[in-house]
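Numbers given in our numbering equal positions in the first sequence, counted from 1, plus 5. Structure first, then comments.
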Amino acid sequence: MPELPEVETIRRSLQEPLEGARLLSVQVRDRRLRRPIAVAALERLNGRQIADIGRRGKYLLLHLVGGGGLLIHLGMSGRVVLVPRDTVLDLHDHVCWQFEGDGARCGVEMRFRDPRRFGLVLSRATGDLGEHPLLASLGPEPFDAAFSVDYLRERAARSRRPVKNMLMDASVVAGLGNIYVCEVLWAAGVNPKTQAGRISPARWARVREATIEVLAGAIDQGGTTLNDFRDPSGEMGYFQVRLQAYGREAQPCLRCGSSIRRISQSGRSTFYCPGCQH
DNA sequence: CGTAGACCCTGCGCGC
DNA sequence: TGCGCGCAGGGTCTAC
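Okay, here's the thing in structure tokens:
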């Protein structure tokens with residue numbers, strides 16, 4: 006569910022309420038995530054103050070004053086929600102944090118909720134979270150200058166894999182997932198099956214621009230709300246990104262009118278327009 | 001090395 | 001109304 010725009014939306018909405026807040030206590034109700042939660046290590050962060058909230062690809066980084074912090078990945082079904090303390094627990098609220106502080110802060114609770122448990126909650130007591138080994142192999146951020154046409158050409162050189170698979174590879178570019186890759190390739194007018202190594206520089210330029218535009222547009226709108234994605238304040242249906250290709254099988258292409266086609270690539274659905282994506 | 005496929009887990013919508 | 005099936009936006013590991 007959550008790709009870069011959703012994680013960025015969460016980051017922005019956590020920043021104001023949590024920046025400067027001090028962790029008070031934590032409860033782990035189910036430690037069985039992608040990696041088992043290290044409960045004692047999480048508890049050891051009690052009393053520490055949140056410096057700011059960052060993001061790298063689809064990872065949320067809660068940096069603590071003096072180093073260390075929380076690294077959260079939402080997997081397919083994960084969410085981070087802020088609720089009033091003692092709000093009735095959801096069945097899949099796996100971790101709950103309470104905060105010290107004045108006024109509203111001490112009455113708020115942050116929860117990690119994840120039905121499918123593909124998500125991740127890791128903690129570090131010291132050091133720069135950005136140096137975490139899990140982040141080491143991530144490619145550049147799409148909005149970073151390093152995500153350039155030359156870079157894309159270099160990574161694609163001699164590669165026979167479909168451009169869609171290349172863009173889904175987090176070591177090529179961080180934060181893109183299945184939905185937004187489909188949207189990017191539709192916007193760029195590039196066929197997802199095209200071998201990466203056969204794409205011209207001019208078309209890479211279009212892919213790069215489309216990536217930035219599509220993601221920026223989605224962040225503006227606050228991320229998709231397919232299914233029941235909520236932002237941390239609990240609002241629902243507030244954000245709704247208009248998808249041009251993803252999920253529109255058999256519907257007319259919004260650019261050329263051809264029927265949107267759905268195929269499977271590496272086990273994941275791809276939606277594209279056979280009429281105008283070449 | 002690069003690539004494709006299986007796998008992890010629960011929930012939902014659909015057709016019967 | 002109930003049930004079984006296929007599918008779901010994540011990453012990681014293995015085998016070729």
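Positions of the beta carbon are idealized from the N, C-alpha and C atoms, including for glycine. Bear in mind that the values here come from a model prediction, so they are computed numbers and not experimental data.
{"Query": "Close Cβ partners of Cys-101 (< 6 angstroms) along its chain, the five nearest in sequence each way excluded", "Result": "Gln-32, Glu-114, Arg-116"}
{"Query": "Anticipated Cβ contact below 8 angstroms, Val-154 with Ala-193, distance rounded", "Result": "In fact, because the Cβ distance is near 12 angstroms, the residues do not count as touching under 8 angstroms."}
{"Query": "DSSP state of Phe-244 mapped onto helix, strand, coil", "Result": "Note that Phe-244 has pLDDT 49, beneath the 50 cutoff, so the model's placement of it is unreliable and the number below is only indicative. Note: Phe-244 maps to coil in three-state DSSP."}
{"Query": "Assumed close pair His-4, Asp-119 - CB separation to whole angstroms, cut-off 8 angstroms", "Result": "No answer is possible for residue 4: the residues shown for the chain start at 6 and end at 283."}
{"Query": "Closest Cα partner of Ser-142 within the set Glu-254, Ala-175, Arg-203", "Result": "Ala-175"}
{"Query": "Three-way DSSP call (helix, strand, coil) for Asp-98 in this model", "Result": "strand"}
{"Query": "Alpha-carbon spacing of Gln-226 relative to Ala-45, whole angstroms", "Result": "38 angstroms"}
{"Query": "Three-pair Cβ contact test at 8 angstroms for the segment 197–206 versus the segment 214–223", "Result": "no"}
{"Query": "Inter-residue spacing [alpha-carbon to alpha-carbon] between Glu-159 and Ala-130", "Result": "38 angstroms"}
{"Query": "Span of the alpha helix (DSSP H) around Thr-14", "Result": "9–23"}
{"Query": "Coarse secondary structure for Ala-221, derived from DSSP in three states", "Result": "helix"}
{"Query": "Enclosing beta strand (DSSP E) for Ala-26 [first to last residue]", "Result": "No beta strand (DSSP E) holds Ala-26; DSSP gives it neither H nor E."}
{"Query": "Cβ shell of Arg-163 (< 8 angstroms), same chain only, five flanking positions each side left out", "Result": "Gly-202"}
{"Query": "Residues of its chain near Met-171, where Cβ-Cβ distance is below 8 angstroms and the 5 sequence neighbours each way are ignored", "Result": "Arg-160, Ala-161, Ser-164, Val-177, Ala-201"}
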